[in-house]
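In my numbering, the protein residues as written are 948 to 1105.
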């Protein structure tokens, strides 16, 4: 097992959020600019408040998007996400419980190279991993399915 510098501290990183995940942040920035202009008409103190709150909100959203990482190790497939201590965590699907990994194909996903991925759980839909706007999602799905088949063929999965 090779080590890396993933946020989770171990495993093989597969993919992270694509640039399309940041479009909501850009829309929020444009909206906050208009709100900021309106706040300046009211008072400078209100504008300072709007600027401070919007900076914190947009900064938090960007850091939260950047924190999402899909990786795998000997035990299973995992998603690390979160920036605040009480939100940070890992969730995933063990290899023995994995059904299959899939991605959604569409003209937009092909053009923008941003995929919606699903790593299914054999027994429950609640346990599956579903991620949107993932860069290299198509390649990650191929790697996961290949690794899963290798483990099945080698008899390491009961």
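We put the beta carbon where it would ideally sit given N, CA and C, even for glycine.
Helix, strand or coil: which one does DSSP assign to residue 1028?
strand
CA-to-CA distance, residue 1026 to residue 1015, given in whole angstroms:
7 Å
CA-to-CA distance, residue 1012 to residue 998, given in whole angstroms
21 Å
DSSP three-state assignment for residue 1034, whether helix, strand or coil:
coil
For the putative contact between residue 1076 and residue 1024, defined by C-beta atoms under 8 Å, what is the C-beta separation to the nearest angstrom?
7 Å
What is the DSSP secondary structure of residue 951, counted as helix, strand or coil?
Its pLDDT being 43, under 50, residue 951 is placed unreliably by the model, and the measurement read from it follows with that caveat. Coil.
Among residues of its own chain, excluding the 5 on either side of residue 948, which ones have a beta-carbon nearer than 7 Å to its beta-carbon?
Bear in mind that the predicted position of residue 948 carries a pLDDT of just 36, short of 50, making it unreliable; the figure below should be weighed with that in mind. Counting only Cβ-Cβ distances below 7 Å, and skipping sequence neighbours, we find 1020 and 1021.
Limits of the beta strand (DSSP E) - the one that residue 1065 falls within
1062-1068
Buried or exposed for residue 1062, going by 16 or more other Cβ atoms inside 10 Å?
buried
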